Amino acid sequence: TAETPMLELSDVHTYYGHIHALKGLNMTVNPGEIVALIGGNGAGKTTTLRTISGMMKPKVGSVIYEGQNITGLPAHTIMQRGISHVPEGRRIFAQLSVRENLEVGAYTVTDRRVIEERVQEAFALFPRLKEREGQLGGTMSGGEQQMLAIARALMVNPRLLLLDEPSMGLSPLFVEAIFDIIERLNKERGTTILLVEQNASMALAIADRAYVLQTGEIRLSGPAEQIAQDESVRKAYLGDE
Ligand code: ATP
16 TAETPMLELS
26 DVHTYYGHIH
36 ALKGLNMTVN
46 PGEIVALIGG
56 NGAGKTTTLR
66 TISGMMKPKV
76 GSVIYEGQNI
86 TGLPAHTIMQ
96 RGISHVPEGR
106 RIFAQLSVRE
116 NLEVGAYTVT
126 DRRVIEERVQ
136 EAFALFPRLK
146 EREGQLGGTM
156 SGGEQQMLAI
166 ARALMVNPRL
176 LLLDEPSMGL
186 SPLFVEAIFD
196 IIERLNKERG
206 TTILLVEQNA
216 SMALAIADRA
226 YVLQTGEIRL
236 SGPAEQIAQD
246 ESVRKAYLGD
256 E
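Printed below as a string of structure tokens:
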């Protein structure tokens, strides 16, 4: 279709000092899609999300969001444009309550009524957070903290949500719950999602399309079902012998 991509990375090169982490990435995310980014340790998945959300600046290449060049813009500006990033390791505020964590997430929103509306939306999506409104973030379980991290990222009402390994370290029941929420966000609210996952089989099961990264380059891309059937992917990331 002639649809404008929501996000387009062209020839993106990102470095950590001399380490060449992304080596000419080309990638698109279309409105309404769930796109999975899979790959082994150190492949550059986290760096890709950081480059999109403005935590890192690419040395070469461009990041175009909704037709506008956002390459190198400050992270808070990119967030105000509608991209929200849930980083690896769910950095919630341990000393703040669940509600306070949500309110902090809405720091770019000034209207109290809007903030309260969004807190209530978060509670509707995550009833467990409502039950624990006053509990300190640091005393929540790993799965609850991941829910809080996602709920906090939603406080700015993003059109594009970047999720970095949301299932990491969670029990199977929580993993299911988190993937369920991701699908609901996409289906019910139309939030576009770029999902980095070590759990490749779950990610491919909910994704429309996928990219396979290897040492900073795209090795493979296509419809998620097709990627899930690829023999090299099955061997490397889906635990097939
Ligand atoms: P993982 O699944 O292990 O988290 P990843 O695919 O997310 O891996 P990245 O974290 O993006 O990979 O790392 C890509 C490359 O950049 C790796 O070679 C890594 O060692 C390097 N790298 C990542 N963060 C830094 C840093 N802060 N300083 C230096 N090098 C880094």
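Every number in the UniProt record's numbering is 15 more than the matching position in the sequence shown, counting from 1.
Every residue, glycine too, gets a C-beta built ideally from N, C-alpha and C.
Note that the coordinates shown come from a computational prediction; the quantities given were computed from them, not determined experimentally.
Contact test: residue i Cβ vs the ligand ATP heavy atom, cutoff 8 Å
{"i": "residue 252", "result": "no"}
{"i": "residue 62", "result": "yes"}
{"i": "residue 31", "result": "yes"}
{"i": "residue 246", "result": "no"}
{"i": "residue 34", "result": "yes"}
{"i": "residue 151", "result": "no"}
{"i": "residue 211", "result": "yes"}
{"i": "residue 184", "result": "no"}
{"i": "residue 120", "result": "no"}
{"i": "residue 8", "result": "Outside the shown range of the chain, which is 16 to 256, sits residue 8, and nothing can be said about it."}
{"i": "residue 103", "result": "yes"}
{"i": "residue 180", "result": "yes"}
{"i": "residue 218", "result": "no"}
{"i": "residue 54", "result": "yes"}
{"i": "residue 228", "result": "yes"}
{"i": "residue 225", "result": "no"}
Three-way DSSP call (helix, strand, coil) for residue i in this model
{"i": "residue 78", "result": "strand"}
{"i": "residue 83", "result": "strand"}
{"i": "residue 205", "result": "coil"}
{"i": "residue 25", "result": "strand"}
{"i": "residue 179", "result": "strand"}
{"i": "residue 105", "result": "coil"}
{"i": "residue 186", "result": "coil"}
{"i": "residue 246", "result": "helix"}
{"i": "residue 232", "result": "strand"}
{"i": "residue 258", "result": "Since the first residue of the chain shown is 16 and the last is 256, residue 258 is not available in this structure."}
{"i": "residue 10", "result": "Outside the displayed range of the chain (16 to 256) lies residue 10, so it cannot be described from this structure."}
{"i": "residue 123", "result": "coil"}
{"i": "residue 171", "result": "coil"}
{"i": "residue 63", "result": "helix"}
Contact set for residue i: own chain, Cβ-Cβ below 7 Å, skip 5 residues either direction
{"i": "residue 77", "result": "25, 84, 86"}
{"i": "residue 242", "result": "219, 225, 227, 235, 248"}
{"i": "residue 121", "result": "130, 133, 170, 171"}
{"i": "residue 29", "result": "36, 37, 62, 66, 71, 73, 74"}
{"i": "residue 90", "result": "68, 69, 70"}
{"i": "residue 173", "result": "97, 98, 99, 206"}
Cβ-Cβ distance between residue i and residue j below 9 Å
{"i": "residue 163", "j": "residue 149", "result": "no"}
{"i": "residue 193", "j": "residue 229", "result": "no"}
{"i": "residue 27", "j": "residue 209", "result": "no"}
{"i": "residue 49", "j": "residue 68", "result": "no"}
{"i": "residue 232", "j": "residue 40", "result": "yes"}
{"i": "residue 140", "j": "residue 117", "result": "no"}
{"i": "residue 222", "j": "residue 51", "result": "yes"}
{"i": "residue 205", "j": "residue 184", "result": "no"}
{"i": "residue 253", "j": "residue 207", "result": "no"}
{"i": "residue 36", "j": "residue 101", "result": "no"}
{"i": "residue 71", "j": "residue 113", "result": "no"}
{"i": "residue 20", "j": "residue 79", "result": "yes"}
{"i": "residue 213", "j": "residue 182", "result": "yes"}
{"i": "residue 54", "j": "residue 201", "result": "no"}
{"i": "residue 88", "j": "residue 211", "result": "no"}
{"i": "residue 95", "j": "residue 123", "result": "yes"}
{"i": "residue 42", "j": "residue 18", "result": "no"}
Contact with chain B by residue i, beta-carbon distance below 9 Å
{"i": "residue 46", "result": "Absence of chain B from the displayed structure is noted, only one protein chain being present."}
Own chain partners of residue i with C-beta closer than 6 Å, once the 5 adjacent residues on each side are dropped
{"i": "residue 103", "result": "61, 179, 180"}
{"i": "residue 217", "result": "194"}
{"i": "residue 189", "result": "158"}
Beta-ladder partner(s) of residue i, from DSSP
{"i": "residue 112", "result": "151"}
{"i": "residue 50", "result": "209, 224"}
{"i": "residue 238", "result": "224"}
{"i": "residue 93", "result": "Residue 93 pairs with nothing; no bridge assigned."}
{"i": "residue 100", "result": "177"}
Cβ shell of residue i (< 8 Å), same chain only, five flanking positions each side left out
{"i": "residue 110", "result": "151, 152, 153"}
{"i": "residue 240", "result": "219"}
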